[in-house]
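So the structure is just underneath, and the comments pick up after that.
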Amino acid sequence: MQLDLPILSICIWLPILGGLWVIFAGSKLGEGMVRVQALVISIAVFLISMLLYQDFDPTTAAMQFTERMTWIEAFKVEYHIGADGIALPLILLTTFTTILVIGAGWEVIEDRVNQYMGAFLILEGLMVGVFCALDALLFYVFWEAMLIPMFLIIGIWGGPKRVYATIKFFLYTFLGSVLMLVALLYLYRQTGSFDLAEMQAVALTATEQKYIFIAFLLAFAVKVPMWPVHTWLPDAHVEAPTGGSVVLAAIMLKMGGYGFIRFSLPITPDAAHALDSFMIALSLIAVVYIGFVALVQQDMKKLIAYSSISHMGFVTLGLFMMFQIYANTGNWQDAAMGIEGAMVQMVSHGFISGAMFLCVGVLYDRLHSRQINDYGGVVNYMPKFAAFMLLFSMANAGLPATSGFVGEFIVILSAYKASFWYAFLASTTLILGAAYTLWMYKRVVFGEVRNPKVATLTDINGREALILGTLAVMVLLFGIWPAPLLDMMHVSVEHLVEQVAQSKLSVARL
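What follows is the structure in structure tokens.
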């Protein structure tokens, strides 16, 4: 049974309006009240989003909780939103992560607290809008609008090179998005509507599909980010405040993968088939090459940033192997497994990468350094923190019984059905991930105390323990029991595969 309330609209507009309230009324409320109100709003949005999960029907691929009304009548633009088993996990990840980000900045942010908290609330609403928009122009508006609060978060509360990082972040993402807009306008010309379902159903020639696919690729590849358009991410992570890094890694990177699923595969299936080897090659380069790049990093944030690029390579790998899997097995169900693995990887990476950046933030708040060489022997003074960081480091390396293992294992298993060499190269992340993550952990947490300031460190407080403990529960829960996540997305992923399979060109070329 569907809920009568416009739950999706509430999840979009409550944090946006709440963020504006916090910004403009914050100077009168006082910093303490600003923090409390921001936290209350973020918790309220999460609880409301859980109503979506409670009432979600996993047995249908149809869009649920839909809302539809005319927005710009002359161009047939609508405020059309809804959620299926692909969008809902990412919506819940967004509302969950925002609570942690608000909590993480509780004591750390002392300058312009109201603007900081308000920016994250507005960003939350815009990101939820991206995941549930069913009108292409509405999607584009949310997609571009979310750049503004993130631009300000990095530019105002970031590090010494924050201006360079923000400009690079904005230029990379904006230029790619312009080409996506061109593709959407062409599709509008073909369909007479911005409705996403109509765009997915329109018949396009192979040439049209290739040009549209490339336009989408440049927009979504930058956001993932795929090699070689990944260079903005390490700079953005290093200069961003801890909360900005968490949101960037946990949610914003997933929008690239979501774009491939919602736009590239169903609208341009033949182009996706024609260019699948190219996409797989870029994905494997990200997994292997960027893993080696992470090995030589001396800045903890930069190391985790490169780790994110490597792990997100599994997402694009899982998405674009479907045609080669079908060619080998003759079964589209096998092809769906790679997409499910990519989805699990996106959610899992959101928890793990967010936790890793929060761990770095805990150390930086105390010692004001992210350099690995400035630490050593931290376990002697922060044993509780060391235990949490060990769990997240193991999860980042793909330890079984953690969520990091599930998504990667599913993708590697499906890669084997496409090619032994795909599976072999992808599985190197189990070695490389352990190498760079555990080597960082060993140099920071164990060994001799190389810096006298380490002796001044104090262990995590109750607020930090609650945030890290919550993430630890999620990492272990989905590592041991991923069934709720897989069940939620299974029918929607099967429907996506059926959409692609119905393309006559795709089937004929196989």
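Using this note's numbering, read the sequence shown as starting at 4 and increasing by one per residue. All C-beta atoms, glycine included, are put in the ideal place defined by N, C-alpha and C.
State the CB to CB distance for the pair residue 310 and residue 399, rounded to an integer number of angstroms; the pair is presumed to be in contact (CB under 8 Å).
Your numbering for residue 310 matches position 307 in the sequence shown. Your numbering for residue 399 matches position 396 in the sequence shown. Yes, they are in contact, since the Cβ atoms of residue 310 and residue 399 sit about 6 Å apart, within 8 Å.
Helix, strand or coil: which one does DSSP assign to residue 72?
One-based indexing of the sequence shown puts residue 72 at position 69. Strand at residue 72.
Under three-state DSSP, which class holds residue 425?
Along the sequence shown, one-based indexing puts residue 425 at 422. Taken through DSSP and simplified to helix, strand or coil, residue 425 comes out as helix.
Pick helix, strand or coil for residue 80, following the three-state DSSP scheme.
The count along the sequence shown starts at 1 and reaches residue 80 at position 77. In the structure shown, residue 80 sits in a strand (DSSP, three-state: E or B).
Quick check on residue 401: does DSSP put it in helix, strand or coil?
To locate residue 401, count along the sequence shown from 1; it is residue 398. Correct three-state label for residue 401: coil.
Which stretch, first to last residue, makes up the alpha helix (DSSP H) that contains residue 473?
The residue given as residue 473 occupies position 470 in the sequence shown. 465-483 is the extent of the alpha helix (DSSP H) around residue 473.
In whole angstroms, what separates the C-alpha of residue 515 from that of residue 392?
Because the chain here runs from 4 to 513, residue 515 falls outside it and cannot be looked at.
7 Å CB neighbourhood of residue 344 in its chain, flanking five on each side removed
Counted from its first residue, the sequence shown places residue 344 at position 341. Result list for residue 344: 321, 410, 413, 414 and 417, in chain order.
Please report the distance separating the alpha-carbon of residue 479 from that of residue 354.
Taking the first residue of the sequence shown as position 1, residue 479 is located at position 476. Taking the first residue of the sequence shown as position 1, residue 354 is located at position 351. Whole-angstrom Cα-Cα distance: 10 Å.
Need the endpoints of the alpha helix (DSSP H) that residue 22 sits in, please.
As a working mapping, residue 22 is identified with position 19 in the sequence shown. Segment 10-32, the alpha helix (DSSP H) holding residue 22.
Pick helix, strand or coil for residue 300, following the three-state DSSP scheme.
Mapped onto the sequence shown, residue 300 falls at position 297. If DSSP states are grouped into helix, strand and coil, residue 300 belongs with coil.
Thinking just about the alpha-carbon of each residue, which of 156, 139 and 135 is nearest to the one in residue 125?
Mapped onto the sequence shown, residue 125 falls at position 122. Comparing Cα positions, the closest option is 156.
Looking only at its own chain, which residues have a Cβ that is under 7 Å from the Cβ of residue 368, when we skip the five neighbours before and after it?
Here residue 368 refers to the residue found at position 365 of the sequence shown. These residues qualify, in order along the chain: 111.
Express the C-alpha separation of residue 426 and residue 165 in angstroms, rounding to a whole number.
Taking the first residue of the sequence shown as 1, we reach residue 165 at position 162. Taking the first residue of the sequence shown as 1, we reach residue 426 at position 423. Approximately 39 Å between the Cα atoms of the pair.
By Cβ distance, which residues of its chain are closer than 8 Å to residue 303, with the 5 residues on each side in sequence left out?
Position 300 of the sequence shown holds residue 303. 363, 366, 373, 374, 375, 443 and 447, listed in sequence order.
Which residue comes first and which comes last in the alpha helix (DSSP H) that contains residue 498?
For the purposes of this step, residue 498 is taken as the residue at position 495 of the sequence shown. Residues 486-504.
Bridge partners of residue 67, per DSSP?
Counting from 1 along the sequence shown, the entry for residue 67 is found at position 64. In DSSP, residue 67 forms a bridge with 86.
Quick check: the Cα distance between residue 431 and residue 326, rounded to an integer number of angstroms?
Numbered from 1 along the sequence shown, position 428 holds the residue referred to as residue 431. Numbered from 1 along the sequence shown, position 323 holds the residue referred to as residue 326. Going from the Cα of residue 431 to the Cα of residue 326 covers about 23 Å.
Taking its Cβ as the centre, do 16 or more other Cβ atoms sit within 10 Å of residue 280, making it buried, or is it exposed?
Here residue 280 corresponds to residue number 277 of the sequence shown, with the count starting at 1. Classification of residue 280: exposed, given that the 10 Å Cβ count is below 16.
Identify the continuous alpha helix (DSSP H) that holds residue 436 and give its terminal residues.
Along the sequence shown, one-based indexing puts residue 436 at 433. 432-448 is the span of the alpha helix (DSSP H), which, as asked, contains residue 436.
Report the partner residues of residue 122 according to the DSSP bridge assignment.
Counted from its first residue, the sequence shown places residue 122 at position 119. According to DSSP, which records beta bridges pairwise, residue 122 is partnered with nothing at all.
Please report how far the alpha carbon of residue 286 lies from the alpha carbon of residue 167, in whole angstroms.
Within the sequence shown, residue 286 is the residue found at index 283, counting from 1. Within the sequence shown, residue 167 is the residue found at index 164, counting from 1. Roughly 27 Å between the two C-alpha positions.
Look at the Cβ atom of residue 462, then the Cβ atom of residue 387, and state whether they are nearer than 8 Å.
Working through the sequence shown from its first residue, we reach residue 462 at position 459. Working through the sequence shown from its first residue, we reach residue 387 at position 384. In this structure, residue 387 lies closer than 8 Å to residue 462 by Cβ.
Exposed unless 16 or more other CB atoms sit within 10 angstroms - verdict on residue 301:
Here residue 301 refers to the residue found at position 298 of the sequence shown. Residue 301 should be labelled exposed.
From 119, 210, 208 and 223, pick the residue whose C-alpha is nearest to that of residue 146; which is it?
Along the sequence shown, read from residue 1 onward, the residue named residue 146 stands at position 143. Comparing Cα-Cα distances from residue 146 to each of 119, 210, 208 and 223, the minimum goes to 223.
Under 8 Å between C-beta atoms of residue 36 and residue 133
In the sequence shown, the residue the question calls residue 36 occupies position 33. In the sequence shown, the residue the question calls residue 133 occupies position 130. The answer is no: Cβ separation not under 8 Å.
Taking the CB atoms as reference points, tell me whether residue 260 and residue 176 lie closer together than 8 Å.
Taking the sequence shown and counting its residues from 1, one reaches residue 260 at position 257. Taking the sequence shown and counting its residues from 1, one reaches residue 176 at position 173. Not a contact, by the Cβ cut-off of 8 Å.
Opposing strand residues paired with residue 218 [DSSP bridges]:
Your numbering for residue 218 matches position 215 in the sequence shown. Residue 218 pairs with nothing; no bridge assigned.
Residues in the same chain with beta-carbon distance under 6 Å from residue 316, minus the five sequence neighbours each way, listed in chain order, please.
Mapped onto the sequence shown, residue 316 falls at position 313. Hits under 6 Å: 286, 289 and 290.
Cα-Cα separation, residue 396 to residue 42:
As a position in the sequence shown, residue 396 is number 393, starting the count at 1. As a position in the sequence shown, residue 42 is number 39, starting the count at 1. Distance between the alpha carbons of residue 396 and residue 42 is about 28 Å.
For a test of the three-state rule: what should DSSP assign to residue 377, helix, strand or coil?
Here residue 377 refers to the residue found at position 374 of the sequence shown. Residue 377 falls in the helix class under three-state DSSP.
For residue 312, count neighbouring C-beta atoms within 10 Å of its own C-beta (all shown protein chains included) and say buried if the count is 16 or more, exposed if not.
Working through the sequence shown from its first residue, we reach residue 312 at position 309. Residue 312 comes out buried.
Using DSSP's beta-bridge definition, name the partner residues of residue 136.
As a working note, residue 136 is residue 133 in the sequence shown. Residue 136 is bridged to 84.
If you measure between the beta carbons of residue 488 and residue 357, is that distance less than 8 Å?
Along the sequence shown, one-based indexing puts residue 488 at 485. Along the sequence shown, one-based indexing puts residue 357 at 354. Not in contact: residue 488 and residue 357 (Cβ atoms no closer than 8 Å).
With DSSP as the reference, label residue 198 as helix, strand or coil.
The residue you call residue 198 lines up with position 195 of the sequence shown. Reduced to three states, the DSSP call for residue 198 is strand.
Counting C-beta neighbours from all protein chains within 10 Å, is the total for residue 424 16 or more, i.e. buried, or is it exposed?
Counting from 1 along the sequence shown, the entry for residue 424 is found at position 421. It counts as exposed.
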